[in-house]
Every structure is written in C-alpha cells, then in structure tokens.
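Asker: Chains X and B are the protein sequences, given in the same order. If you use the working numbering, the first sequence corresponds to residues 61 to 319, in order. If you use the working numbering, the second sequence corresponds to residues 23 to 346, in order.
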Amino acid sequence: MNILVLMKMVPDIVEELEIAPDGKSLDVEAVRPIVSERDDHALEQALLLKDKYGGTVTVLAIESRDVDEVLFTALAKGVDRAIKVATGEAILTAAEAAALLARVLPAAPNLMPVQLILTGCQAIDDLDGVVAPALAERLKLPYLGIVTGVEVEADGSRATVYKEYAGGTRGRYGVCLPAVLGVQAAPKPPRYVPVAKVRAAMKSRTLETVEAPAKEETSFLEIVAMTKPQETGHAEMLEGSPEEVASKVAEILSSRGLA
Amino acid sequence: MAGNIWVLAEHWRGRLSDLTPELLTLGRELAGGLGGGTKLEAVLLGHGAQGLAAALAADGVLSVDHAALAEPNPEASCIALAALIEQRKPQAILVPLSNVAADLIGLLPARLKIALVNFCRDVRVVDGRLEARCVLYGGKLEATVTVASAPAVIGVLPGSRPASAAPSAAPPVTEVPVELPGDLRVRFEAYVDPEPGDVDVTKQDVLVSVGRGIQTQDNISLAEELAEALGGAVSASRPVIDQGWLPLTRQVGKSGATVKPKLYLAAGISGAPEHVEGMKGAALIVAVNTDPQAPIFSVAHYGYAGDVLEFLPALTAAVKARKA
C-alpha cells in the first residue's frame with residue numbers, strides 16, 4: 061500500500077497578521093509559517109496506516125518558506141520519501157495549488173500510482189477552492205472529506221472511511237481505491253519527534269525536487285480588499301492582575317446568580 | 023448576468039438544517055438586489071425528502087430524488103447538482119458550510135470549472151455583481167471579493183442572515199430526473215453514533231471550556247476545579263479533543279455540540295468560526311486569552327487578555343471565597 065501525503069504551510073495565527081500595503085493581501089513577509097494543522101493529521105493518519113499495513117508513505121509539498129523543515133520532520137517521523145515542488149515560493153491560491161498538483165503528480169518520477177492521497181480537508185487560507193476535492197476531481201479520483209479514520213482492505217482495493225458529522229456522529233463509507241481523502245483528524249494526535257532526530261534527518265536524508273510547470277490561471281475571484289474583521293460587538297475588557305479580574309468576574313457571576 | 027439564485031436545501035437524517043432558512047433569507051435578498059425577474063430557487067437533493075419542500079421560503083423547489091442521495095454522498099450529489107447547473111444555469115448557488123455539504127462545496131466548482139467563494143460571512147449585490155465577505159485565517163482577517171463569472175458556488179457560514187419563516191403556501195416543486203452511475207465509488211454504509219458520554223455538555227448551565235491555551239492535559243484540572251466550584255462541567259474546543267485530552271463528547275463547535283448555557287467561560291480559546299458556531303447562543307460569555315486580538319473577544323460579553331493558567335485558579339478561589 062502506497063500513500064501520498066500533501067502538506068502545505070499556512071500563517072501561524074497565534075501571531076499578529078498584517079495586511080500588505082496593497083490592502084488586498086496578507087503581508088507574507090510578516091507571518092511565521094507553520095504546517096497546516098489538518099495536513100499534520102493527514103500525515104499521522106498515513107503513518108498509522110503504514111504501521112498497520114506496511115507499504116510506503118511519500119510526502120509532497122509545494123515550495124514555500126520553512127517547508128524544508130516540515131519535510132525533514134516527516135522523514136524523521138518515518139516517511140520514506142519527501143518531495144518538494146520547485147515554484148520559487150510563488151504564492152498560490154487553493155485552486156491554483158490543486159491545478160498545479162494535478163499536473164505535477166502524474167509527471168513525478170516513480171510516484172504514481174498510489175492507493176491513497178491524504179491531505180487536510182481544509183486550510184485556514186482556502187478562499188477560492190479546497191485543495192483535496194479539487195485535486196480529486198482533476199485526477200478523476202473519488203473523494204471523501206472531514207475524515208477521522210481509515211481502514212484498508214488487504215488487497216488495497218477498497219477502504220472503510222469514517223467521516224465526521226455534528227454532535228460526535230460519524231458516517232461510515234466504503235470508498236474504492238485509489239482515492240483522495242481530506243483528513244480532519246487522525247485517530248491519534250500527530251506523533252512527536254525530537255529535534256535531534258529532525259537534525260539527524262537533515263544530515264542523512266535528502267529532499268527530492270521536481271520542477272513545477274508554468275502556472276495555470278484558474279482564479280475566478282477578484283479580491284477587492286483584505287481587512288481586519290468588522291466587529292459587530294466586542295467584549296467589555298477587564299483590566300488588572302489575574303486576582304483582580306477574577307474578583308470582578310466572581311462579582312458579575314454572583315449578580316447573575318451563577319456563583 | 024442572467025440566471026436565478028439557488029439555495030442548496032440541506033437536510034440530514036430527515037431534518038432541514040438550521041442553515042437552510044438563513045440561506046433562503048440571504049438568497050431572497052440577492053435575487054431582489056439583482057432584479058430583472060431573478061428568482062430564488064431551492065434545490066432539494068435526497069430520496070423521499072420531498073416533504074421538506076413545503077417549509078422552503080423560495081419561489082420554487084427543484085427536487086432531485088434518487089436512492090443514492092438518501093444519505094450524504096459527495097460523489098452522487100456532485101454529479102446530480104453539476105447536471106442540474108449545466109441544464110438550468112443559475113447565477114449562483116448558495117451552499118451551507120456544514121459537515122454535510124462541505125465535500126460538495128469543494129468538488130462541484132472543480133468539476134464544472136466554475137468559481138468558488140468559500141467561508142462567506144456575507145454576500146451582497148454591489149453594482150449588479152455579487153460581492154462576498156469571506157473569513158480567512160481562523161477569523162483573523164476578512165477578504166472582500168467580487169465574483170466576476172457565473173455560475174458561482176458560494177459557501178456560506180452560519181449566521182449570515184436571520185432564518186426565513188416557513189411560507190404560508192408551499193412553493194411549486196419541479197421534479198428533475200437525474201442519472202447516476204450504478205458503480206459509484208463512494209458508498210454510504212451506516213451512521214456511527216457516539217457512545218453516551220459521562221457528561222452531556224448541552225444540558226449544563228455552566229461550561230468552563232478549554233482550548234489550546236490550556237497547554238497540557240494536566241492543566242485541565244484547573245478548569246475542572248472551577249467547573250466544580252460553579253456547579254458546571256468542562257467542555258473544549260477542537261485542538262484539545264484532537265490531542266485526546268478530553269473525549270469527543272465534550273467538544274463544542276461545528277463537529278461537536280451546540281450549547282446554550284447560562285455561562286460559557288472560554289479559557290484559552292481563540293474563537294475560530296467553527297467553534298463560535300457552537301457557543302454563540304450562551305447567555306453570558308466570559309473569555310480569557312493571552313491574545314487581545316483573538317476573535318473570541320468579539321462574541322464574548324466580558325474579556326480578559328491574560329493567561330488562563332493564572333486566571334482559572336484565581337477565579338476558583340474568588341468563587342469559593344464568595345460562597346464561604
């Protein structure tokens with residue numbers, strides 16, 4: 061069983077996000093890139109499948125700032141191959157990334173076919189598309205998203221896939237392979253790998269590189285403005301030490317019969 | 023641009039979703055704003071679901087009935103809806119951003135090579151064109167975009183408009199036949215309902231809810247001590263559940279429970295749209311987060327830009343002191 065995991069970087073939203081001088085985009089220089097959280101879960105799901113059924117896991121990412129470290133981390137976690145698509149760190153929308161990947165994957169050496177392509181079911185910067193389903197459509201593969209568990213039949217022809225609904229209910233689906241799955245969460249939290257092992261991977265392993273074809277224009281949207289949210293309301297902010305604020309909150313709760 | 027405004031009438035396990043009547047209000051407004059006889063049509067994909075049509079406040083309902091559409095199936099619904107769009111060429115189709123319709127939102131525009139506008143909080147008609155305001159980066163920024171091509175798929179978040187009232191007369195229903203391949207590659211098998219949890223978070227008057235800011239599993243005890251002092255329970259946002267620190271039954275938000283307690287104390291929760299959806303109806307929301315820009319503060323009544331690890335024990339002590 062061979063699995064491909066697609067990973068991408070997104071801004072760390074714990075940091076302050078700034079709008080670029082054009083007023084229409086994020087100031088990418090000011091952000092700290094981190095791996096998209098759902099993609100990290102997709103990697104974990106792939107590694108759990110490899111632990112159980114054997115086979116290989118390949119990770120592939122479009123070139124962007126700090127992505128090398130993510131790929132080496134994946135190698136340190138037990139991934140067999142890590143491939144970077146050289147784009148000169150061009151900023152791609154989700155629809156553009158899906159279009160690019162649909163052309164890159166079949167052309168990458170010794171990569172396809174795989175039984176499963178796993179990636180996050182969405183990312184925090186998806187605006188004009190969602191990579192996983194858009195890629196599935198372009199590759200003419202079946203797709204299921206918001207996935208929280210995968211089991212594969214011994215012959216690799218079919219998977220049982222769990223999809224999350226509301227209130228903790230899940231749907232169980234049968235999916236013919238090969239397929240693209242959009243992972244919401246792996247059955248276990250993404251595994252930890254010590255920094256020393258990542259450093260060792262940086263010394264002993266190499267990232268493969270494939271060249272990206274010319275960008276295909278696919279976006280139908282025009283961004284008119286990027287703004288901080290217009291707040292419809294805002295909390296009354298309480299000031300002071302934790303003890304002072306706690307005392308004020310206790311008073312508020314008490315006045316409402318809650319404490 | 024010609025073509026009607028469509029709303030995907032989302033339903034799940036026999037019930038119309040709460041989002042559908044909101045989208046009908048929005049769709050009505052857009053159809054009116056576009057003028058020129060633009061109609062609002064609801065699209066009902068299902069099997070034996072036509073009984074839901076009477077509750078849809080639309081000018082008409084396009085009903086597609088097929089056994090493969092009995093339960094959510096992204097492959098079947100994408101094929102059916104794509105065929106319908108190609109035949110009838112709407113200007114835009116509003117789709118609720120829920121776990122039921124989310125896969126379709128990603129597939130449909132890719133299949134038809136048409137525009138997608140995702141995570142919309144608002145859509146308006148500006149100079150005869152649709153303009154959407156979309157939530158990005160976990161609610162930290164918003165993009166205003168114009169949709170220059172039709173048809174467009176527009177994924178709409180909860181809370182865009184108040185829900186429409188059921189119509190006094192049922193709208194006319196047009197049955198549209200659809201052909202689906204017999205060998206669908208994605209097949210629904212069964213629902214797996216969660217094991218009953220130790221605590222039903224939807225029935226609590228007080229929830230102390232923990233997010234990423236709680237940092238470690240051990241620190242959850244700080245929230246448990248406060249919940250105990252207040253006679254409530256501990257719930258959580260997605261990152262805490264994904265870490266396995268609390269069971270899925272404690273999750274509040276899109277994939278978890280929708281709660282309306284008397285007090286919701288959000289401890290170290292940033293307030294991503296998926297979480298806010300599940301708790302914005304609480305009577306009193308108190309939020310504590312180290313980031314003063316966190317979106318949770320725009321839904322909270324009271325906020326404190328501070329560290330939950332210091333605040334939680336301080337509040338537990340203050341509550342106990344008041345009771346003593």
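Ideal Cβ positions, reconstructed from N, Cα and C, are used throughout, including at glycine. Here the structure is a predicted model, which is why all the values come from computation and not from measurement.
#1: Could you tell me whether the Cβ atoms of T224(B) and K282(B) are closer together than 9 Å?
#2: Does M23(B) come within less than 9 Å of chain X when only Cβ atoms are used?
#3: Any beta carbon from chain X within less than 9 Å of T47(B)'s own beta carbon?
#4: Tell me the rounded alpha-carbon separation between G309(B) and L270(B).
#5: Rounding to the nearest angstrom, what Cα-Cα distance links V157(B) and E296(X) in this structure?
#6: Can you name, in chain order, every residue of its own chain whose Cβ lies under 8 Å from the Cβ of E299(X), other than the five neighbours on each side?
#7: Since L161(X) contacts V65(X) with CB under 8 Å, what's their CB separation in whole angstroms?
#8: Are W34(B) and P94(B) touching if we call contact CB-CB under 9 Å?
#9: Looking at L313(X) and A239(X), is the spacing between their C-beta atoms short of 9 Å?
#10: Pick out whichever of P193(B), D215(B) and P118(B) has its Cα sitting closest to the Cα of K61(B).
#11: Using only CA atoms, which one of A340(B), K345(B), T338(B) and E63(B) lies nearest to T196(B)?
#12: With a cut-off of 9 Å, does the C-beta of Q226(B) fall near any C-beta of chain X?
#13: Identify, in the order they occur along the chain, each residue of the same chain with its Cβ nearer than 7 Å to the Cβ of G234(X), setting aside the five sequence neighbours on each side.
#14: Give the DSSP-derived three-state secondary structure of M23(B) in the structure shown.
#15: Within 10 angstroms of its Cβ, does G58(B) collect 16 or more other Cβ (buried), or is it exposed?
#16: Which residues bound the alpha helix (DSSP H) around C100(B)?
#17: Could you say if the region 93 to 101 of chain X and the region 66 to 74 of chain X meet the contact criterion of at least three C-beta pairs nearer than 8 Å?
#18: Under 6 Å Cβ to Cβ from V330(B), same chain only, skipping five residues before and after it: list those, please.
#19: So that I know if they touch, is there some Cβ in chain X lying closer than 9 Å to that of E51(B)?
#20: Rounded to the nearest angstrom, what separates L281(X) and A89(B) at their Cα positions?
#21: Between which residues of its own chain and M23(B) is the CB-CB distance below 7 Å, once the five residues before and five after are set aside?
#22: What ranges does the alpha helix (DSSP H) occupy inside the region 165 to 252 of chain B, keeping only unbroken runs of at least 4 residues that lie completely in it?
#23: Roughly how many whole angstroms lie between the Cα atoms of V91(X) and I318(B)?
#24: Name the DSSP beta bridge partners of D144(B), please?
#25: How is V117(X) classed by DSSP in three states: helix, strand or coil?
#26: Along chain B, which residues have their Cβ under 9 Å away from the Cβ of D188(X)?
#27: Does the region 141 to 153 of chain X come close enough to the region 116 to 123 of chain X to have 3 or more Cβ pairs within less than 8 Å?
#28: Spell out a yes or no on whether the region 230 to 247 of chain B and the region 118 to 132 of chain B are touching, meaning 3 or more CB-CB pairs, one atom from each, closer than 8 Å.
#29: Could you pull the start and end residues of the alpha helix (DSSP H) that P5(B) belongs to?
#30: Give the residues from the region 192 to 226 of chain X that approach chain B closer than 9 Å (Cβ to any Cβ), ordered along the chain.
#31: Counting pairs of beta carbons, one from the region 151 to 169 of chain B and one from the region 283 to 290 of chain X, are three or more of them closer than 8 Å?
#32: Does the Cβ of G54(B) have 16 or more other Cβ atoms within 10 Å, making it buried, or fewer, making it exposed?
#33: Kindly indicate if chain B contains any beta-carbon less than 9 Å away from that of E303(X).
#34: Measuring straight from C-alpha to C-alpha, what distance separates M61(X) and R141(X)?
#35: Would you list, in sequence order, the uninterrupted beta strand (DSSP E) runs of no fewer than 3 residues that lie entirely inside the region 121 to 169 of chain X?
#36: Taking 9 Å as the threshold (C-beta atoms), are I101(B) and V175(B) in contact?
Answerer: To lay it out plainly:
#1: yes
#2: Residue placement at M23(B) is flagged as unreliable, the pLDDT there being 47, under the threshold of 50; the coordinate-derived value follows with that caveat. It does not: the Cβ of M23(B) has no partner Cβ on chain X nearer than 9 Å.
#3: no
#4: First, the residue type needs correcting, since residue 309(B) is Ala and not Gly in the sequence shown. Each residue's Cα considered, the two are about 22 Å apart.
#5: 23 Å
#6: V305
#7: That belief does not hold up - the Cβ atoms of L161(X) and V65(X) are roughly 12 Å apart, past 8 Å.
#8: yes
#9: no
#10: P193(B)
#11: E63(B)
#12: no
#13: R218 and T220
#14: Any reading at M23(B) needs caution, since the residue's pLDDT is 47, under 50, leaving its predicted position unreliable; the model's value is listed next. Correct three-state label for M23(B): coil.
#15: exposed
#16: P96 to R110
#17: yes
#18: G235, A289, G290 and V310
#19: no
#20: 36 Å
#21: With a pLDDT of only 47 at M23(B), under 50, the local geometry of the prediction cannot be trusted, and the value read off the model is given with reservation. Around M23(B): Q113 and A172.
#22: 242 to 252
#23: 21 Å
#24: R155(B)
#25: strand
#26: P131, A137, L138, V139, N140 and V167
#27: yes
#28: no
#29: Past the boundaries of the shown model lies residue 5(B); chain B is included only from 23 to 346, so the question cannot be answered.
#30: A192, P193, A194, L195, A196, E197, R198, L201, P202, Y203, L204, G205, I206, T208, T220, V221, Y222, K223, E224, Y225 and A226
#31: yes
#32: exposed
#33: yes
#34: 14 Å
#35: 141 to 146
#36: no
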